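Visitor: When you number the sequence shown by numbering that gives the first Met the number 0, it's gap-free, plus one each residue, and the end is 103.
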Amino acid sequence: MLSIVDRGVQARSSILVNILRSSWVIIITLMVNIYFIYMLRPVYAVIFIFAIGLVLFVGIKADYQMRYFRNLRREARREGMRSIVKLFMSKFDVLQNDKINHEL
0 MLSIVDRGVQ ARSSILVNIL RSSWVIIITL MVNIYFIYML RPVYAVIFIF
50 AIGLVLFVGI KADYQMRYFR NLRREARREG MRSIVKLFMS KFDVLQNDKI
100 NHEL
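1) For the 8 Å Cβ check, are there 3 or more pairs between the segment 44–51 and the segment 24–36?
2) Give every residue of the same chain whose Cβ lies closer than 8 Å to the Cβ of Gly-79, excluding the five residues on either side of it in the sequence, and list them in chain order.
3) For Leu-55 and Ala-61, I'd like the C-alpha separation in whole angstroms.
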């Protein structure tokens with residue numbers, strides 16, 4: 000049991016480290032890009048920052064919408080599993096109580 004928990008903790012910590020590492024790389028790259036664009040033309044830097052903000056906004060909104068549909072799909076899957084379990088349980092109930100002819 001401890002081995003399973005330890006592997007889970009290690010997996011989560013490595014995922015967190017990878018996310019933080021890639022996030023810092025993206026942030027530093029964006030800052031350098033904004034600096035060089037600003038040196039070229041300040042107006043282009045403002046447009047670039049606005050475009051990044053717009054992309055982030057759209058991405059966050061899309062994530063919320065997808066989260067809603069994921070929850071719907073998860074609930075539908077749960078309901079399907081409940082129906083399957085109910086079907087098997089009712090079959091055993093019919094066989095156990097000898098109600099085959101009545102159910103047919």
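Even for Gly, the Cβ is constructed at its ideal location relative to N, Cα and C.
None of the values given here were measured: they were computed from a predicted structure.
Guide: Short version:
1) yes
2) Translated into the one-based positions of the sequence shown, residue 79 becomes position 80. Excluding positions up to five away in sequence, the list is empty.
3) As a first step, residue 55 is located in the sequence shown; it is residue number 56 there, counting from the start. As a first step, residue 61 is located in the sequence shown; it is residue number 62 there, counting from the start. The straight-line gap from Cα to Cα measures roughly 10 Å.
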